[in-house]
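J.: Below you'll find the structure I mean.
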Amino acid sequence: MSVNGPSVPGPQEPPAAATPAGGAAGTAAGMSQHGGTASAQLRRAVVVGGNRIPFARTGGAYTKSSNQDMLTAALDGLIARFGLQDERIGEVAAGAVLKHSRDFNLTREAVLGSALSAETPAYDLQQACATGLETVLGLANKIKLGQIDSAIAGGVDSASDAPIAVSEGLREVLLDLNRAKTVSRKLQVLSRLRPKDLAPDAPNTGEPRTGLSMGEHQALTTAQWKITREAQDELAFNSHRNLAAAYDAGFFDDLLTPYRGLSRDSNLRADTSLAKLATLKPVFGKNLGAEATMTAGNSTPLTDGASTVLLASEEWADAHDLPKLATVVDGEAAAVDFVHGKDGLLMAPAFAVPRLLARHNLTLADIDFFEIHEAFAGTVLSTLAAWEDEEFGRTRLGLDGAFGSIDRTKLNVNGSSLAAGHPFAATGGRIVASLAKMLHAQGQVSGRPARGLVSICAAGGQGVVAILEAL
Amino acid sequence: MSDKYTRFVSHGFGKDIAKRLGLPQPVALRRYETGSPVIEGPVLVQGSTAGADDLAATLLAWNLDVRRHAIPKEKLGAIILVLDELAHPGDLEKPVLTAATSLRDLAPNARVITVSRTADSATEPATAAARQGVDGLLRSLAKELRAGATGNGILLADGARTTSPATLGALRFFLSGRSAFVDGQFLTVSSGAGQLPEAVERPLAGKVAVVTGAARGIGAAIARTLYRDGATLILVDIPAAGDHLAEVANQVHGTALQLDISRHDAGQRIIDHAAARHGRLDIMIHNAGITRDKLLANMDAGRWNSVIAVNIAAQLRINEALLASEHLGDAPRIVSVASTSGIAGNRGQTNYAASKAGVIGMVRATAALIGERGGSINAVAPGFIETEMTARIPFATREVARRLNSLQQGGQPGDVAEAIAFLASDAAGGISGEVLRVCGQNLVGA
Numbered sequence: 005m006s007v008n009g010p011s012v013p014g015p016q017e018p019p020a021a022a023t024p025a026g027g028a029a030g031t032a033a034g035m036s037q038h039g040g041t042a043s044a045q046l047r048r049a050v051v052v053g054g055n056r057i058p059f060a061r062t063g064g065a066y067t068k069s070s071n072q073d074m075l076t077a078a079l080d081g082l083i084a085r086f087g088l089q090d091e092r093i094g095e096v097a098a099g100a101v102l103k104h105s106r107d108f109n110l111t112r113e114a115v116l117g118s119a120l121s122a123e124t125p126a127y128d129l130q131q132a133c134a135t136g137l138e139t140v141l142g143l144a145n146k147i148k149l150g151q152i153d154s155a156i157a158g159g160v161d162s163a164s165d166a167p168i169a170v171s172e173g174l175r176e177v178l179l180d181l182n183r184a185k186t187v188s189r190k191l192q193v194l195s196r197l198r199p200k201d202l203a204p205d206a207p208n209t210g211e212p213r214t215g216l217s218m219g220e221h222q223a224l225t226t227a228q229w230k231i232t233r234e235a236q237d238e239l240a241f242n243s244h245r246n247l248a249a250a251y252d253a254g255f256f257d258d259l260l261t262p263y264r265g266l267s268r269d270s271n272l273r274a275d276t277s278l279a280k281l282a283t284l285k286p287v288f289g290k291n292l293g294a295e296a297t298m299t300a301g302n303s304t305p306l307t308d309g310a311s312t313v314l315l316a317s318e319e320w321a322d323a324h325d326l327p328k329l330a331t332v333v334d335g336e337a338a339a340v341d342f343v344h345g346k347d348g349l350l351m352a353p354a355f356a357v358p359r360l361l362a363r364h365n366l367t368l369a370d371i372d373f374f375e376i377h378e379a380f381a382g383t384v385l386s387t388l389a390a391w392e393d394e395e396f397g398r399t400r401l402g403l404d405g406a407f408g409s410i411d412r413t414k415l416n417v418n419g420s421s422l423a424a425g426h427p428f429a430a431t432g433g434r435i436v437a438s439l440a441k442m443l444h445a446q447g448q449v450s451g452r453p454a455r456g457l458v459s460i461c462a463a464g465g466q467g468v469v470a471i472l473e474a475l
Numbered sequence: 003m004s005d006k007y008t009r010f011v012s013h014g015f016g017k018d019i020a021k022r023l024g025l026p027q028p029v030a031l032r033r034y035e036t037g038s039p040v041i042e043g044p045v046l047v048q049g050s051t052a053g054a055d056d057l058a059a060t061l062l063a064w065n066l067d068v069r070r071h072a073i074p075k076e077k078l079g080a081i082i083l084v085l086d087e088l089a090h091p092g093d094l095e096k097p098v099l100t101a102a103t104s105l106r107d108l109a110p111n112a113r114v115i116t117v118s119r120t121a122d123s124a125t126e127p128a129t130a131a132a133r134q135g136v137d138g139l140l141r142s143l144a145k146e147l148r149a150g151a152t153g154n155g156i157l158l159a160d161g162a163r164t165t166s167p168a169t170l171g172a173l174r175f176f177l178s179g180r181s182a183f184v185d186g187q188f189l190t191v192s193s194g195a196g197q198l199p200e201a202v203e204r205p206l207a208g209k210v211a212v213v214t215g216a217a218r219g220i221g222a223a224i225a226r227t228l229y230r231d232g233a234t235l236i237l238v239d240i241p242a243a244g245d246h247l248a249e250v251a252n253q254v255h256g257t258a259l260q261l262d263i264s265r266h267d268a269g270q271r272i273i274d275h276a277a278a279r280h281g282r283l284d285i286m287i288h289n290a291g292i293t294r295d296k297l298l299a300n301m302d303a304g305r306w307n308s309v310i311a312v313n314i315a316a317q318l319r320i321n322e323a324l325l326a327s328e329h330l331g332d333a334p335r336i337v338s339v340a341s342t343s344g345i346a347g348n349r350g351q352t353n354y355a356a357s358k359a360g361v362i363g364m365v366r367a368t369a370a371l372i373g374e375r376g377g378s379i380n381a382v383a384p385g386f387i388e389t390e391m392t393a394r395i396p397f398a399t400r401e402v403a404r405r406l407n408s409l410q411q412g413g414q415p416g417d418v419a420e421a422i423a424f425l426a427s428d429a430a431g432g433i434s435g436e437v438l439r440v441c442g443q444n445l446v447g448a
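Protein chains in written order, with our numbering: chain D, 5 to 475; chain P, 3 to 448.
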């Protein structure tokens, strides 16, 4: 690895070896080491802080806001918090799940509309609901490698201002019409149009390969893991209670900037109760035979919002007199074969987390804060149930028994998506910035830096997880 | 910038009508912009004392067109009336009546500035009478001036001279467009402390300043003015105003700190932020304030307490934290926004006036404490200022309120900001414990 200068030897080499400095041998030795060993030679990537706008239920305060508007607002709030006006940031990466074709350069356009230097490069990234966390991991890796010194990761989504496509029939006719040279040919093409072609093709959260919505998929998983209605409602209740308490304590004062009249997430119900949640009618899994348990209360609603995270090398943060909250230690992606029903659609993190922890010789007991994205209460509970299941541990994870259980008091302690809402690509940034702040406040746990785990499930049977450590 | 009425009566038909009917004829005031001269036109230094000679020499060094004797019919930019050796009221006649012959030669937006000495209970009676006489003279003269011209006075305490840094700082402030809406007011120079800036266009260069309530209105104007003058800014407002705060912060290259100043740890949070980002804090501007108006007979504890908590209790607590902090700069400056309501009272504002009068009391009593650290503390009391808040006053009431001052118009948020920026500068170092009104010499409240 040449990051720290060509004279640094590979880990397997004796110091001050006779091998040519920076030669191929050193690089090869470094590259052959996996994960933790090689990272000894990498720089650390730190989370400086974050900013998001409050999340709004679809059709609410941000109905007229585009993805670009919201991402720009989240960026400008971050710039104001840390005094980054006219700063040339190494790279900005963000993305949106529901994206207009005109937003092909969404992040760069947001940067140009922000107070950052116009010489800040940017790229878009898309990995369904894992988009936000993946931008953090990708940019952190660039910082670790020494390619950039500073970065802003982010994500945005609007289900209100979602793109609507024309039907396949109309689209083909329009394209053919454009290619037709003569009037008679044009009329011929137009004659193919049928009334049903005029109906727009609205976006949905259905899986292309199964036709099932995300909620119906989760309902299958929820039933498979026998997650009760009560357990799901309790998780939802805790999410609202914890998020409300965090707002009241001022936790979000330096994590959030108001937007369009909202200064709190509009989905938050500070006054909700288990009794109220129990009155809601099930909305998913009504045709499964088993009792339907998933309601609007224990499922995340469609939401609009944007989030950003400022990442940096330690040197850059120090040179700019900026705080260092936590390091981005490592990340892992996984995917499952939900198409053939081998695993549930949103169960990929159940595989990604054991792999990531194993790489660092850690167990669930070594984690101080669990941030498990609440796509549905059932998703979180199914994942935890799988980890506690001996059979799943042996046959699916290749362990001797169950992977383990977590201390529930360490789970989503300042609320999560059930209360805050979930603008798909913005959730990763929300979680990383909040977790970094919690870790920094916690500092040390039994002589080592406090450690947090982020777990985000995504459409397409994917999942991305990450470890952060306090600074 | 000026209101519709002012534009209407400024020229043509409207000007003619207003003149015939004896209606108020406000003019567009001369306001400072980076690069504008201190004052245009000759400056007449009236007075024959050694102090007057010293002052005239200094103004010459500023490249001003200084006159020691008026040339009849020559338009004057300013008259500086130096009265620093008065011993008896009879001494007023000669310099005052000599100056009087030049009043008709004042250009629009001209300045009349008196420089005299403070009178207190220890002063010899005849001398005290003469010195106090200047007060009545200047305030009356200010009401006679027209066309945007203002009259203000500088009072020298024992130990202050006509060429002390703060005297010259105040003189420059009063001469310039920075003091556009300050009229009929006195500033006391209590010592020879203070320092004139190396670069007159950036008097706050290198200073770290905090402005509370910076998201909008007067607070945002203060932020922009301090930025123009070279300060590095930390802008504070309640979390719910964070979007406007971020916008202002990005305009002035500052940092936004979302913080409710009535929190018990607000002072420490501000100091921590300043120390972490800039290593210290030099200037604290207490601008944040709220109104919860109600006749006292209808007042409830909620309205009363919230106003006291935000407008004065928070300032007291933050100042206490600042004065105990090792991160406070070498010549710290605190400037608080008071209000003419706190001086003259205002129907429906017992809570607000109590809090703002409290600010004035706090400023006077804190001067000695901050003086021990080489710093100063002052207050600015705005009168009728054109803001979103005053725009909500019903039309007729607002129109009357606007005209009830010598300049016959409302002030701009920037006018308050200019006064604050001056008091926050080292040029004002010899001025402490003072309240400067920015009210166009409002007819109420002296």
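By construction, the Cβ of each residue, glycine as well, lies at the ideal position given by its N, Cα and C atoms.
1. In chain P, which residues lie with their C-beta within 8 Å of the C-beta of residue 87/D?
2. Over the uninterrupted beta strand (DSSP E) stretch that includes residue 331/P, give me the two end residues.
3. Give me the residue from 217/D, 191/D, 179/D and 173/D with the minimum Cα distance to residue 199/D.
4. Can you confirm whether residue 197/P, when its beta carbon is compared against all beta carbons of chain D, has any partner nearer than 8 Å?
5. Counting Cβ pairs closer than 8 Å, one from the stretch 302-317 of chain P and one from the stretch 400-416 of chain P, do we hit at least three?
6. What did DSSP end up calling residue 188/P once you bin it into helix, strand or coil?
7. Against chain P, which members of the stretch 330-364 of chain D pass a CB distance test of less than 9 Å?
8. Taking all protein chains shown into account, decide if residue 187/D is buried (16 or more other Cβ within 10 angstroms of its Cβ) or exposed.
9. According to the neighbour-count rule (16 or more other Cβ atoms, all chains shown, within 10 Å of its Cβ), is residue 73/D buried or exposed?
10. To the nearest angstrom, how far is the alpha carbon of residue 62/D from that of residue 131/D?
11. Quick test of your reading: residue 468/D and residue 134/D, contact by CB under 8 Å. State the CB separation rounded to the nearest angstrom.
12. Between the stretch 447-472 of chain D and chain P, which residues of the former have CB atoms less than 8 Å from a CB of the latter, in chain order?
13. Relative to chain D, which residues along the stretch 30-48 of chain P have a C-beta separation below 7 Å, given in chain order?
14. Between residue 357/P and residue 46/P, what straight-line distance do the alpha-carbon atoms span, to the nearest angstrom?
15. Contact between the stretch 128-136 of chain P and the stretch 81-93 of chain P: three or more CB pairs below 8 Å?
16. Strictly by DSSP, which residues pair up with residue 260/P?
17. Got a sec, what are the start and stop residues for the beta strand (DSSP E) residue 55/D sits in?
18. Given this structure, state the Cα-to-Cα distance separating residue 325/P from residue 214/P, to the nearest angstrom.
19. So if I threshold CB-CB distances at 8 Å, which residues from the stretch 66-97 of chain D count as touching chain P?
20. Determine which residues share a DSSP beta bridge with residue 309/D and list them.
21. Residue 261/D versus chain P: which residues are under 9 Å apart at the beta carbon?
22. Which residues share a DSSP beta bridge with residue 470/D?
23. Could you name the residues of the same chain whose beta carbon sits closer than 7 Å to that of residue 121/D, not counting the 5 residues immediately before and after it, in chain order?
24. Among the candidates 244/D, 100/D, 175/D and 337/D, whose CA atom is the shortest distance from the CA of residue 433/D?
25. Rounded to the nearest angstrom, how far is the Cβ of residue 118/P from that of residue 155/P, given a contact under 8 Å?
26. Roughly how far, in whole angstroms, is the beta-carbon of residue 77/D from the beta-carbon of residue 139/D, given that I think they are within contact range, below 8 Å?
27. Measure from the C-beta of residue 316/D to each C-beta in chain P and report whether the shortest distance is under 8 Å.
28. Three-state secondary structure (DSSP) at residue 255/D?
29. Would residue 73/P be called buried (16 or more neighbouring beta carbons within 10 Å of its own) or exposed?
30. Please decide whether residue 274/D counts as near chain C, where near means a Cβ-Cβ distance under 8 Å.
31. List the residues of chain P whose Cβ lies closer than 7 Å to the Cβ of residue 258/D, in chain order.
32. Taking the C-alpha atoms as reference points, what is the distance between residue 12/P and residue 20/P?
33. Can you tell me whether residue 142/P is helix, strand or coil according to DSSP?
34. Quick check: the Cα distance between residue 179/D and residue 35/P, rounded to an integer number of angstroms?
35. Excluding sequence positions up to five away, which residues of its chain have a Cβ less than 6 Å from the Cβ of residue 16/P?
36. Just how far apart, CA to CA, sit residue 208/P and residue 349/P?
T.: Short version:
1. As a working note, residue 87/D is residue 83 in the first sequence. Under the 8 Å cutoff, chain P gives 251, 255, 256, 257 and 279.
2. Residue 331/P sits at position 329 when you count from the first residue of the second sequence. Residue 331/P: member of the beta strand (DSSP E) spanning 330-339, first to last residue.
3. Counted from its first residue, the first sequence places residue 199/D at position 195. Ranking the options by Cα distance to residue 199/D, first place goes to 173/D.
4. Position 195 of the second sequence, counted from the first residue, corresponds to residue 197/P. False, the Cβ-Cβ gap to chain D never drops below 8 Å.
5. Two segments are said to touch when three or more pairs of C-beta atoms, one from each, lie closer than 8 Å; by this definition the stretch 302-317 of chain P does not touch the stretch 400-416 of chain P.
6. Indexing the second sequence from 1 puts residue 188/P at position 186. In this structure, residue 188/P counts as strand in the three-state DSSP scheme.
7. Residues passing the 9 Å Cβ filter: none.
8. Here residue 187/D refers to the residue found at position 183 of the first sequence. In the assembly as shown, residue 187/D is an exposed residue. Its beta-carbon has fewer than 16 other beta-carbons within 10 Å.
9. For the purposes of this step, residue 73/D is taken as the residue at position 69 of the first sequence. With at least 16 other beta carbons inside 10 angstroms of its own, residue 73/D counts as buried.
10. Translated into positions along the first sequence, residue 62/D becomes position 58. Translated into positions along the first sequence, residue 131/D becomes position 127. Answer to the nearest angstrom: the Cα atoms are 21 Å apart.
11. One-based indexing of the first sequence puts residue 468/D at position 464. One-based indexing of the first sequence puts residue 134/D at position 130. Between residue 468/D and residue 134/D, the beta carbon gap of about 4 Å places them in contact (Cβ cut-off 8 Å).
12. Within the stretch 447-472 of chain D, no residue qualifies.
13. Identification of residues in the stretch 30-48 of chain P having a C-beta nearer than 7 Å to some C-beta of chain D yields an empty set.
14. What you label residue 357/P is simply residue 355 of the second sequence in a count that begins at 1. What you label residue 46/P is simply residue 44 of the second sequence in a count that begins at 1. Cα to Cα, the separation comes out at about 42 Å.
15. With contact defined as three or more Cβ pairs closer than 8 Å, the stretch 128-136 of chain P and the stretch 81-93 of chain P are in contact.
16. Taking the second sequence and counting its residues from 1, one reaches residue 260/P at position 258. According to DSSP, which records beta bridges pairwise, residue 260/P is partnered with 239/P.
17. On the first sequence, residue 55/D is found 51 positions in, with the first residue counted as 1. Its beta strand (DSSP E) spans residues 49-56.
18. As a first step, residue 325/P is located in the second sequence; it is residue number 323 there, counting from the start. As a first step, residue 214/P is located in the second sequence; it is residue number 212 there, counting from the start. Their Cα atoms are separated by approximately 17 Å.
19. Within the stretch 66-97 of chain D, those residues whose Cβ lies closer than 8 Å to any Cβ of chain P are, in chain order, 77, 80, 81, 83, 84, 85, 86, 87, 89 and 90.
20. By 1-based counting over the first sequence, the position of residue 309/D is 305. Per DSSP, 161/D.
21. Looking up residue 261/D in the first sequence gives position 257. Listed by position along chain P, the residues whose Cβ is nearer than 9 Å to that of residue 261/D are 241, 244, 245, 247, 248, 258 and 260.
22. Residue mapping note: residue 470/D aligns to position 466 of the first sequence, counting from 1. Residue 470/D has 335/D and 458/D as its beta-bridge partners, per DSSP.
23. Working through the first sequence from its first residue, we reach residue 121/D at position 117. The residues are 90, 91 and 92.
24. Working through the first sequence from its first residue, we reach residue 433/D at position 429. The shortest Cα separation from residue 433/D among 244/D, 100/D, 175/D and 337/D belongs to 100/D.
25. For this step, residue 118/P is matched to residue 116 along the second sequence. For this step, residue 155/P is matched to residue 153 along the second sequence. In this structure, residue 118/P and residue 155/P form a Cβ contact; the two beta carbons are roughly 7 Å apart against a cut-off of 8 Å.
26. On the first sequence, position 73 is the one that residue 77/D refers to. On the first sequence, position 135 is the one that residue 139/D refers to. The beta-carbon separation of residue 77/D and residue 139/D, rounded to 17 Å, does not stay under the 8 Å limit for a contact.
27. In the first sequence, residue 316/D corresponds to position 312, counting from 1. Residue 316/D is outside the set of residues whose beta carbon lies under 8 Å from a beta carbon in chain P.
28. Working through the first sequence from its first residue, we reach residue 255/D at position 251. Helix at residue 255/D.
29. Here residue 73/P refers to the residue found at position 71 when the second sequence is read from its first residue. Per the 10 Å Cβ criterion, exposed.
30. The structure shown contains no chain C; its protein chains are D and P.
31. To locate residue 258/D, count along the first sequence from 1; it is residue 254. Simply 260.
32. The count along the second sequence starts at 1 and reaches residue 12/P at position 10. The count along the second sequence starts at 1 and reaches residue 20/P at position 18. For residue 12/P and residue 20/P, the distance between alpha carbons rounds to 9 Å.
33. Reading the second sequence from its first residue, position 140 is the one you call residue 142/P. Helix at residue 142/P.
34. Stepping through the first sequence from its first residue, residue 179/D is reached at position 175. Stepping through the second sequence from its first residue, residue 35/P is reached at position 33. Answer to the nearest angstrom: the Cα atoms are 59 Å apart.
35. Position 14 of the second sequence holds residue 16/P. For residue 16/P, the CB contacts under 6 Å within the same chain, skipping 5 residues up- and downstream, are 10 in chain order.
36. Numbered from 1 along the second sequence, position 206 holds the residue referred to as residue 208/P. Numbered from 1 along the second sequence, position 347 holds the residue referred to as residue 349/P. In a straight line, the C-alpha of residue 208/P is about 43 Å away from that of residue 349/P.
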